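If you use the numbering used here, the sequence shown closes out at 225, no skipped numbers anywhere.
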Amino acid sequence: MHSLSADAPPRSPAHHGPARWALALALCAALLTALVAVRWHPLTGADGDIARTTHRWAVGDPGATHVFRILTDWVWDPSTMRLLCAAVAVWLLWRRAAWWTAAWLVTATALATVVQQALKAAVGRPRPVWPDPVDSAHYAAFPSGHAMTATVVCGLLLWLVHAYGAGPALRRTALGVAAVSVVGVGLTRVWLGVHWASDVVGGWLLGGALVACAIAVHLRWRP
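Written out as structure tokens, the structure reads:
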């Protein structure tokens, strides 16, 4: 029988890693939120430069703009993402009888929506305004709801794919689809002129923090 050396450090609980990631991402998101709220000039200047460039591209390439509108309004829309989570929750109940995990998934997704809307109301950042818009959107700009929701949903589902022991092929496919979805939806929001670039980055950071926090909770409190 092997015994631990007296000098060997104790093993950290499994939830400590995700908790540290949650804290780091939350601090980055808080810093970005503060810079947006005070309208830090270097940030707003960079946002403006990026927005003007991508809007010029969007107006000059209506074919790509039409494809991006379909992707952002239907494939990567927050409602579509939430429906996907609901479908996975039903599958967890039906095939796995995983009541706690299904409730955890739905609760984390709902919490992300509450945080997103609360921050939009608190920061109150105006969206870009164009004389020749190619798309429109409602509510305040920061953070991007599309980017944040895609990050939360894809992150949670990726972790479930790993936790339930999916094969390497499925894990690689899921990772590829998730990466394309999270990055793609952020790029489409900037291309369509309905978000500043920092809105999207804020959505990614906040979404990542919520995913890491949710994973830590699952590892710590699952019955």
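Glycine included, each C-beta is placed from N, C-alpha and C at the ideal position.
All figures in this text were calculated on a predicted structure; none of them were measured in a lab.
Taking the Cα of LEU208 as reference, the smallest distance to any Cα among PRO135, VAL125, GLY147 and ALA165 is reached at GLY147. Using a C-beta cut-off of 8 angstroms, the segment 116-136 makes no contact with the segment 175-183, since fewer than three inter-stretch Cβ pairs fall below that distance.
With contacts defined as CB atoms closer than 8 angstroms, GLY204 and ALA31 qualify as a contacting pair. Inter-residue distance for VAL40 and ALA48 is about 15 angstroms (C-alpha atoms, whole angstroms). Setting aside the 5 residues that flank it on each side, ALA21 is surrounded in the same chain by ALA218, each with a C-beta closer than 7 angstroms to its C-beta; the list follows chain order. As the crow flies, the alpha-carbon of TRP76 is around 28 angstroms from that of ASP51. The segment 39-120 contains, as complete alpha helix (DSSP H) runs of 4+ residues, the segments 43-62, 64-72 and 80-98 (chain order). Under the criterion of beta carbons closer than 8 angstroms, LEU194 and THR67 qualify as touching, at roughly 7 angstroms. Taking the C-beta atoms as reference points, THR153 is found nearer than 8 angstroms to TRP206. Contact annotation: the segment 55-62 touches the segment 129-139, with at least three C-beta pairs closer than 8 angstroms. For ALA214, the enclosing alpha helix (DSSP H) covers residues 199-223. A residue is called buried when at least 16 other Cβ atoms come within 10 angstroms of its Cβ; TRP93 does not meet this threshold and is exposed.
Bounds of the alpha helix (DSSP H) holding SER183 are 170-193. The three-state reading of DSSP puts HIS140 in coil, since its state is none of H, G, I, E or B. DSSP, reduced to helix, strand and coil, places ARG129 outside both helices and strands of the structure shown, so it counts as coil.
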